[in-house]
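Novice: Sequences listed follow chains A and B, in order.
Residues in the first sequence are numbered from 1 upward in steps of one, following the working numbering.
Residues in the second sequence are numbered from 1001 upward in steps of one, following the working numbering.
2 protein chains.
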Amino acid sequence: MSRWAPNTRARLESAALDLFVQNGYEETTVAQITDRAGVNRATFFRHFADKREVLFGGEDLLAELFADGVRAAPPDSTLIDCLHAALAAAGVAMTPQQRIMAAQRVLVVAANTEVQERGLLKHTRTARSISAALRTRGMDELTARLGAEVGMLAFTIALERWMAADNDAPFRAHAAAALNDLRKRTAALDPQRS
Amino acid sequence: MSRWAPNTRARLESAALDLFVQNGYEETTVAQITDRAGVNRATFFRHFADKREVLFGGEDLLAELFADGVRAAPPDSTLIDCLHAALAAAGVAMTPQQRIMAAQRVLVVAANTEVQERGLLKHTRTARSISAALRTRGMDELTARLGAEVGMLAFTIALERWMAADNDAPFRAHAAAALNDLRKRTAALDPQRS
């Protein structure tokens, strides 16, 4: 257990992931998580509705950061500019500790369909948060939904590359590169545009 | 119960949706579904792993149809051509009976998070099936993943419009229009392309 963990919530997340990876998700109880984190049961449920939420609570923060990034982009920003702003804003949450937890999360999710399903629900809600923020900028519904899907795909690809990287380049660098790589490929969706 | 239902599987789906909408998803038992469809319990489980699957079993067929459409597209097809081919192939499954069931499914999914999660898992697997088919055509991984997301978004939008339409235009027409609408909006993702 990390005695120096910055806050209770992160300590609970980290303890849970350690146990899930070590003993399996199904086999781990909330009591074991709170024991390891050194907090009581009530504290756990103040932060998370259930055991599954401890894996994906960070997605709610991400959804807010993405939306904040979109809303704070300069007035003349294009769709792609807004997506870059969203990913840059989300980068704040992508700390080295998160990088370790992200790799643990992949292992847990791969081993459990129920957990995977909850992750997808969070993913969908995050996409909706991005498209809603794009709509507040006056973009039409289809543009906003297309932007949200491409933004989420860029985020997913950046996360994969960040976890696999053998260097400590920050998440922001991976995110900007992934979105740029996708931008170049949009030509294949509209080859006749001149 | 539709005595003229073309086959057992569709009869089970239709019976289940009627009951889910009428009495609630949680409240409906497999026994009630089989009673209404006029088949026995073993038959149900030959077609569906559990109660949730009866809602989304059609997604597995869709995933196959999409992938078949991509693979059968002419050799010189661009990404957007392949997506049009995938949606056209899926159109075969989108019968008037499916249109009624799709509207019922929306009601059931909206009322139940657990069900929604299963739907998202199926959605993700369908997207993977499209991207895998695009990869077999020699497209690089990012192009295939971008294509799969845009194809799935076009499908979702087409489904919404098909359900909301006050005419009997076939799904294929909505699908082609939705994909074309998204194509036009890709310019916002790469505004500097000349």
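For glycine and all other residues, C-beta sits at the position ideal for the given N, C-alpha and C.
Does the beta carbon of GLU1117/B come closer than 9 Å to any beta carbon on chain A?
Specialist: Interface with chain A (9 Å Cβ-Cβ cutoff): GLU1117/B is included.
Novice: Please check if any C-beta of chain B sits within less than 9 Å of the C-beta of HIS174/A.
Specialist: no
Novice: Helix, strand or coil for ASP1068/B per DSSP?
Specialist: Under the three-state reduction of DSSP, ASP1068/B is assigned to helix.
Novice: CB-CB under 6 Å to ASP1021/B, same chain, minus the five flanking residues each way: which ones, in chain order?
Specialist: The amino acid occupying residue 1021/B in the given sequence is Val; Asp does not appear at that position. Excluding positions up to five away in sequence, the list reads GLN1104, LEU1107.
Novice: Kindly indicate which residue of GLY119/A, ASP76/A, THR28/A has the alpha-carbon position closest to the one of GLY138/A.
Specialist: ASP76/A
Novice: Helix, strand or coil: which one does DSSP assign to VAL1108/B?
Specialist: helix
Novice: Kindly indicate the opening and closing residues of the alpha helix (DSSP H) around THR78/A.
Specialist: No alpha helix (DSSP H) contains THR78/A, which DSSP labels as neither H nor E.
Novice: Might you give, ordered along the chain, the residues of its own chain that have their beta carbon closer than 7 Å to the beta carbon of ASP263/A, omitting 5 neighbours on each side?
Specialist: Because chain A is modelled from 1 through 194, residue 263/A falls outside the range shown and cannot be assessed.
Novice: Is there a Cβ from chain A that is less than 9 Å from the Cβ of ALA1073/B?
Specialist: no
Novice: With distances taken Cα to Cα, identify the nearest neighbour of MET152/A among ALA178/A, MET163/A, TRP162/A.
Specialist: ALA178/A
Novice: Please determine, among ARG125/A, ALA148/A, THR124/A, HIS123/A, the residue with the shortest C-alpha to C-alpha distance to ARG135/A.
Specialist: ALA148/A
Novice: Please classify TRP1004/B: is it buried, with 16 or more other beta-carbons within 10 angstroms of its beta-carbon, or exposed?
Specialist: The pLDDT assigned to TRP1004/B is 43, lower than 50, so where the model puts this residue is not dependable; a value taken from the coordinates is nonetheless given after this. With fewer than 16 Cβ atoms within 10 Å of its Cβ, TRP1004/B is classed as exposed.
Novice: Report the option in ALA175/A, LEU17/A, GLU64/A whose CA atom is closest to the CA atom of LYS51/A.
Specialist: LEU17/A
Novice: Please confirm whether LEU182/A and LEU1012/B have their CB atoms less than 9 Å apart.
Specialist: LEU1012/B is positioned such that its CB atom lies no closer than 9 Å to that of LEU182/A.
Novice: Please identify, using Cβ separations under 7 Å, the residues of the region 128-152 of chain A that lie next to chain B, in order along the chain.
Specialist: LEU142, THR143, ARG145, LEU146, GLU149, VAL150
Novice: Is the beta carbon of LYS184/A sitting closer than 9 Å to the one on ASP1168/B?
Specialist: no
Novice: Should ALA1188/B be flagged as near chain A, meaning a C-beta pair shorter than 9 Å?
Specialist: At least one chain A Cβ lies under 9 Å of ALA1188/B.
Novice: Can you name, in chain order, every residue of its own chain whose Cβ lies under 6 Å from the Cβ of ALA90/A, other than the five neighbours on each side?
Specialist: For ALA90/A, the CB contacts under 6 Å within the same chain, skipping 5 residues up- and downstream, are LEU62, LEU65, PHE66 in chain order.
Novice: CB-CB under 8 Å to ALA187/A, same chain, minus the five flanking residues each way: which ones, in chain order?
Specialist: ARG193
Novice: Starting from the C-beta of ARG1009/B, find all residues in its chain whose C-beta is less than 6 Å away, skip the five residues before and the five after it, and write them out in chain order.
Specialist: Answer for ARG1009/B: HIS1047, listed in chain order.
Novice: Might you give, ordered along the chain, the residues of its own chain that have their beta carbon closer than 6 Å to the beta carbon of ARG161/A, omitting 5 neighbours on each side?
Specialist: HIS174
Novice: Is the CB of HIS123/A under 9 Å away from at least one CB in chain B?
Specialist: yes
Novice: How about LEU87/A and PHE155/A: do their beta carbons lie closer than 9 Å?
Specialist: yes
Novice: Quick one, which of THR29/A, ILE33/A, LEU159/A has its alpha-carbon nearest ARG172/A's?
Specialist: LEU159/A
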